[in-house]
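Enquirer:
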Amino acid sequence: MLSLLGVGLATPLAVSGQAAAQPAHPAAGPGAHVVAQAVATMPTVNNIPVYPRTVTDMSGASVALDKSAANIADLWFAHNEITVMLGGAERIKVSADKPADLPWLFKVAPMLRSAETGVHPDSVNPEDLLNRHIGLVFVPTHAKAEELRKTGLPTLDAHYTTLPQMLTSVDMTADALATPYAHEIASEYRQKLEALQQSLHARTVSLPASARPRVLHIARLNPLQIDGKDTLIDAWIQAAGGRNAAAEVSGNHRPVTFEQIAAWNPDMIVIGANAGPLAADAPLRTLAAFQNGKAWTNPQGVFPWDRYGCEVLLQLEWAAQHVQPELFKDIDVRRDLKAFYKQFFRYSLTDDDVTRILADQPPMVL
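Numbering (UniProt numbering), first residue to last: 1 to 366.
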């Protein structure tokens, strides 16, 4: 049986007696008791950062970090869940994300409610970050990293567009967090993703083009935008045994007309988790993919699975089961979703949680 996380689960790190005896002191205010509880359950053993160190970012820049890197500003929407996965949630003091946009992120890591949220890289105030004693900033572009470094902020470009690059970015983040725990989880994640990729490849490698459905991924419904080649979306479509119906287009969130989509006439359509609502009378519903029951809304958990977060590992399974259902009928996404959250987010999902994530629904209670 193909299983992404069915065996070999990492045992959650036990909190040492000394650490367990120390009370948490979260910021006072609404939700402080939730933050205290969350901090107490986060990994403590082997989660002490070791500085100074120099880290090479995704653009090749070498950035010196010192003990002030204990305070993080994570300004890339997709990267916050990677920092959380690697045990750095309580260190995020400024985040690009907001509870209203990513409720599962703040459910899994409620200590983020103590951070300044909704701070975008294109509008961030460097002086504000300096006043907050931020010593480590993650951003999605080389240009923004260079700009912030000139103000004295140690900033890393974490951007990636392929699965191998994503693994490099995860390793880079572990280096920046500078804890044994971060490196351990980064290694476990790499092993799981590479093993799954190999398994998917072994089953799909002999498929002729005629047996690979043309899959269109819609990034936004109004205005219409799709994701083309040279993207992580294209990578999981191909890994799942499909072809990108928009392969003639390069990049993410590319504008497109309905007439162009109709001309492509994709066999399958995946609508992004945050693409917006599809009207009952939308022209897209006239396409064969909708008429044949081959159109789906993508799941969304801590981050939308289909985009650039670490849950792309789950996306590969979900996509494989939809694109090549006969080849991957043995996949148990529900089981593996629970296992993934337990291992990589240290969070136990209920059956209802799993149902809601797969249906792109928020948690019942934050």
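Heads up, the beta-carbon is just placed ideally off N, CA and C, and yes, glycines get one too.
Everything numeric in this text was worked out from a predicted model, so none of it was measured.
Less than 7 Å between the beta carbons of R220 and A262, yes or no?
Expert: No, the pair does not count as a contact, with Cβ atoms beyond the cut-off.
Enquirer: Would you identify the three-state DSSP class for L75, choosing helix, strand or coil?
Expert: DSSP places L75 in coil when its eight states are reduced to three.
Enquirer: If I measure Cβ to Cβ from P223 and keep anything under 8 Å in the same chain, skipping five residues before and after, which residues do I get?
Expert: The residues are P255.
Enquirer: Assuming A163 contacts Q197 under a Cβ cut-off of 8 Å, what Cβ separation, rounded to an integer in Å, is found between them?
Expert: For clarity, residue 163 is Leu in the given sequence; the question names Ala instead. Rounded, the Cβ-Cβ distance is 7 Å, consistent with contact.
Enquirer: So, is L9 buried or exposed, given that buried needs 16 or more other C-beta atoms within 10 angstroms?
Expert: Here the model assigns L9 a pLDDT of 35, short of 50, so the residue's position is not dependable, and the following value carries that caveat. L9 should be labelled exposed.
Enquirer: Would you mind stating whether W305 and L316 have Cβ atoms separated by less than 7 Å?
Expert: Not in contact: W305 and L316 (Cβ atoms no closer than 7 Å).
Enquirer: In the DSSP output, what is Q300 paired with across the bridge?
Expert: Looking at the DSSP assignment, Q300 forms a beta bridge with P304.
Enquirer: Just the C-alpha distance for E326 and A176, rounded to the nearest angstrom, thanks.
Expert: Between E326 and A176, the C-alpha separation is close to 42 Å.
Enquirer: List the endpoints of the continuous alpha helix (DSSP H) containing K98.
Expert: Element bounds for K98: n/a, residue is neither H nor E.
Enquirer: Between the C-alpha atoms of A115 and A247, what's the straight-line distance to the nearest angstrom?
Expert: Distance between the alpha carbons of A115 and A247: 40 Å.
Enquirer: Going by beta carbon distance, what residues of the same chain come within less than 7 Å of P30, once the five residues before and after it are set aside?
Expert: Caution is warranted here: a pLDDT of 39 is assigned to P30, below 50, making its placement in the model unreliable, and no coordinate value can be reported.
Enquirer: If I measure Cβ to Cβ from W236 and keep anything under 7 Å in the same chain, skipping five residues before and after, which residues do I get?
Expert: These residues qualify, in order along the chain: V312, Q315, L316 and A319.
Enquirer: Can you give the beta carbon distance from N80 to S95, rounded, assuming they're within the 8 Å contact cut?
Expert: With a Cβ gap of about 6 Å, N80 and S95 count as contacting.
Enquirer: Just to confirm, is the Cβ distance from D74 to P52 under 7 Å?
Expert: For D74 and P52, no; Cβs fall outside 7 Å.
Enquirer: Could you pull the DSSP bridge partners for P255 from this structure?
Expert: DSSP lists Q225 as partners of P255.
Enquirer: Should the region 207-218 be called in touch with the region 258-272, which here means at least 3 C-beta pairs below 8 Å?
Expert: Short answer: they touch.
Enquirer: Give the single residue among G242, D230 and I226 whose Cα lies nearest to the Cα of S210.
Expert: Taking only the C-alpha atoms, the option nearest S210 is G242.
Enquirer: Write down every uninterrupted run of the alpha helix (DSSP H) in the region 314-358 whose length is 4 residues or greater and which is fully enclosed by it, in chain order.
Expert: For the region 314-358, whole alpha helix (DSSP H) runs of length 4 or above, ordered along the chain, are 333-344 and 351-358.
Enquirer: Decide yes or no for the touch test of the region 344-363 against the region 284-302: beta carbon pairs closer than 8 Å, at least 3 of them.
Expert: Yes, the region 344-363 touches the region 284-302.
Enquirer: Per DSSP, what kind of secondary structure is E248 in: helix, strand or coil?
Expert: It is coil, neither helix nor strand.
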